[in-house]
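Residues in the sequence shown are numbered consecutively from 164, following the numbering used here. Take a look at the structure below.
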Amino acid sequence: MTNQQSNAGEYLKCTRQVSSANYSLLAVVIFSLINVVMALFGSETYFLFSASVPHFIAFTGALYCGLLPDYYYTELGISQAELLDPSALVVFGAMAIGVVAIYFILWLVGRKKVGAMTASLVLFCIDTVIMFVLYGISLDMLMDVLFHGWVIVSLVMGVSASKKLKQFAKQEQIAQEDQAVVYSGETGEQIEQTTDVFATPKEDSPVLEVADWTVKSRILLEAEAFGHKVCYRRVKRTNQLIIDDNIYAQIDLLMEGAHCLEAIVDGHDFQVGFDGFSKSYAIVDGKLVASKTRLI
Numbered sequence: 164m165t166n167q168q169s170n171a172g173e174y175l176k177c178t179r180q181v182s183s184a185n186y187s188l189l190a191v192v193i194f195s196l197i198n199v200v201m202a203l204f205g206s207e208t209y210f211l212f213s214a215s216v217p218h219f220i221a222f223t224g225a226l227y228c229g230l231l232p233d234y235y236y237t238e239l240g241i242s243q244a245e246l247l248d249p250s251a252l253v254v255f256g257a258m259a260i261g262v263v264a265i266y267f268i269l270w271l272v273g274r275k276k277v278g279a280m281t282a283s284l285v286l287f288c289i290d291t292v293i294m295f296v297l298y299g300i301s302l303d304m305l306m307d308v309l310f311h312g313w314v315i316v317s318l319v320m321g322v323s324a325s326k327k328l329k330q331f332a333k334q335e336q337i338a339q340e341d342q343a344v345v346y347s348g349e350t351g352e353q354i355e356q357t358t359d360v361f362a363t364p365k366e367d368s369p370v371l372e373v374a375d376w377t378v379k380s381r382i383l384l385e386a387e388a389f390g391h392k393v394c395y396r397r398v399k400r401t402n403q404l405i406i407d408d409n410i411y412a413q414i415d416l417l418m419e420g421a422h423c424l425e426a427i428v429d430g431h432d433f434q435v436g437f438d439g440f441s442k443s444y445a446i447v448d449g450k451l452v453a454s455k456t457r458l459i
């Protein structure tokens with residue numbers, strides 16, 4: 164495996180881990196909100212894929228506002244005199260939804276800022292500790308424990324991958340500047356070459372056809388590197404790698420999954436593709452030169 168392929172593979176791995184962490188956190192937000200709403204209406208149904216604290220707050224509010232079945236009050240020994248005014252449920256609801264809102268904000272910001280994802284990891288770890296304090300450890304808690312562990316691992320991997328992607332982002336700025344300077348032994352003049360001075364020149368990829376810019380298409384990503392204009396686009400169900408108006412690689416995809424289109428031009432290795440989750444990317448000679456978040 165070449166360094167270029169290794170770097171491209173590492174980038175794809177990192178983007179998948181970040182996307183997975185974001186999806187995990189989004190699942191926490193969605194199911195936590197569902198649990199809070201159901202608890203506020205006195206429902207005993209509970210989805211596992213959620214944070215424990217907001218549900219506990221909402222459930223406690225429903226309990227002390229007299230919304231739960233009678234056997235709860237009999238088992239817990241709560242008398243009618245101890246119940247709160249039903250209007251107090253608004254306070255409990257606001258607190259519970261407020262906690263969920265914090266997770267939602269961290270999810271929004273965490274897609275671009277590693278600090279927000281780190282904060283969500285810390286917050287969910289605290290939620291896990293509070294879960295053990297409130298409910299203890301038992302077989303009944305096994306699925307909750309497994310879910311919390313899965314989310315924590317996913318977020319840890321996402322934070323680590325986000326830090327690596329920041330390094331790739333720095334490479335975007337220096338991709339065209341990172342060239343080795345060699346001096347001719349005969350003339351003493353500077354000669355600019357790519358980093359691997361003694362590498363065997365790569366044979367250029369054949370041109371499939373000249374790009375037709377009049378057809379209806381969707382531009383997925385555009386970039387420039389080593390004096391070449393790179394375009395990654397989709398025409399109907401075909402994704403294409405276009406360099407300087409020439410199509411060098413394409414693939415037919417009814418449903419887009421992770422894929423990579425590659426071509427050698429002037430000895431440089433151009434790769435574009437989709438990570439299978441949320442980002443289009445362009446990698447040249449193993450360095451990320453552009454990336455773009457895709458909603459669809």
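Where is the CB? At the ideal position from N, CA and C, for every residue including glycine.
Length of the line joining the Cα atoms of residue i and residue j
{"i": "Leu302", "j": "His218", "result": "20 angstroms"}
{"i": "Glu207", "j": "Ser213", "result": "15 angstroms"}
{"i": "Trp313", "j": "Val292", "result": "15 angstroms"}
{"i": "Val262", "j": "Gly240", "result": "29 angstroms"}
{"i": "Gln434", "j": "Arg400", "result": "19 angstroms"}
{"i": "Gln353", "j": "Val393", "result": "Confidence at Gln353 is low in this model, with a pLDDT of 45, below 50, so its placement is unreliable and the value that follows should be read with caution. Going by the C-alpha atoms only, they are around 28 angstroms apart."}
{"i": "Ser182", "j": "Gln330", "result": "17 angstroms"}
{"i": "Ala264", "j": "Leu271", "result": "10 angstroms"}
{"i": "Asp448", "j": "Asp307", "result": "45 angstroms"}
{"i": "Pro232", "j": "Val296", "result": "25 angstroms"}
{"i": "Ser242", "j": "Leu230", "result": "13 angstroms"}
{"i": "Ile289", "j": "Phe204", "result": "26 angstroms"}
{"i": "Tyr395", "j": "Ile414", "result": "11 angstroms"}
{"i": "Ile446", "j": "Ile405", "result": "14 angstroms"}
{"i": "Gly439", "j": "Glu173", "result": "14 angstroms"}
{"i": "Gly299", "j": "Phe310", "result": "16 angstroms"}
{"i": "Tyr227", "j": "Met304", "result": "24 angstroms"}
{"i": "Ala251", "j": "Tyr209", "result": "22 angstroms"}
{"i": "Gly430", "j": "Ser368", "result": "9 angstroms"}
{"i": "Glu419", "j": "Val192", "result": "27 angstroms"}
{"i": "Gln180", "j": "Lys450", "result": "19 angstroms"}
{"i": "Met294", "j": "Ser325", "result": "28 angstroms"}
{"i": "Thr357", "j": "Leu416", "result": "For Thr357, the predicted model reports a pLDDT of 45, less than 50, meaning its position is unreliable; a value from the coordinates is still stated below. C-alpha separation (whole angstroms): 34 angstroms."}
{"i": "Ala257", "j": "Val378", "result": "52 angstroms"}
Whether residue i touches residue j by CB criterion (9 angstroms)
{"i": "Ala221", "j": "Phe194", "result": "no"}
{"i": "Ile260", "j": "Leu196", "result": "yes"}
{"i": "Ala426", "j": "Tyr411", "result": "yes"}
{"i": "Ala388", "j": "Val452", "result": "yes"}
{"i": "Lys327", "j": "Cys177", "result": "yes"}
{"i": "Ala202", "j": "Gly224", "result": "yes"}
{"i": "Val319", "j": "Leu284", "result": "yes"}
{"i": "Ala421", "j": "Val322", "result": "no"}
{"i": "Leu175", "j": "Gly273", "result": "no"}
Residue from the options with nearest C-alpha to residue i
{"i": "Trp376", "options": "Asp407, Leu416, Leu188 and Lys326", "result": "Asp407"}
{"i": "Phe437", "options": "Gly449, Asp448 and Asn402", "result": "Asn402"}
{"i": "Ser380", "options": "Gly430, Arg397 and Val216", "result": "Arg397"}
{"i": "Val216", "options": "Tyr266, Arg274, Leu318 and Gly420", "result": "Tyr266"}
{"i": "Lys442", "options": "Leu189, Leu231 and Lys275", "result": "Lys275"}
{"i": "Leu371", "options": "Leu318, Asn409, Val393 and Lys392", "result": "Asn409"}
{"i": "His428", "options": "Gln413, Gly439, Lys365 and Ile446", "result": "At residue 428 the sequence reads Val, which differs from the His that was named. Taking only the C-alpha atoms, the option nearest Val428 is Lys365."}
{"i": "Val253", "options": "Tyr298, Val199 and Leu188", "result": "Val199"}
{"i": "Leu269", "options": "Met304, Leu226, Ser368 and Tyr186", "result": "Tyr186"}
{"i": "Asp432", "options": "Gln180, Arg179 and His391", "result": "His391"}
Below-9 angstroms beta-carbon distance, residue i vs any chain B residue
{"i": "Met201", "result": "Looking for chain B here will not work: only one protein chain is present."}
Beta-bridge partners of residue i, as assigned by DSSP
{"i": "Cys423", "result": "Gly436"}
{"i": "Arg397", "result": "Arg381 and Asn402"}
{"i": "Ser454", "result": "Tyr444"}
{"i": "Glu387", "result": "Lys392"}
{"i": "Gln413", "result": "Gln403"}
{"i": "His431", "result": "Val428"}
{"i": "Glu372", "result": "Ile410"}
Cβ-heavy atom distance, residue i to the ligand ADP, below 8 angstroms
{"i": "Thr456", "result": "Among the components modelled here there is no ligand, and therefore nothing to report on the ligand ADP."}
Is the stretch 244-261 touching the stretch 275-284, taking contact as three or more C-beta pairs under 8 angstroms?
no
Please determine if the stretch 381-390 and the stretch 445-459 are in contact, where contact requires at least 3 C-beta pairs separated by less than 8 angstroms.
yes
Pairs of beta-carbons, one from the stretch 223-240 and one from the stretch 305-321, closer than 8 angstroms: are there three or more?
no
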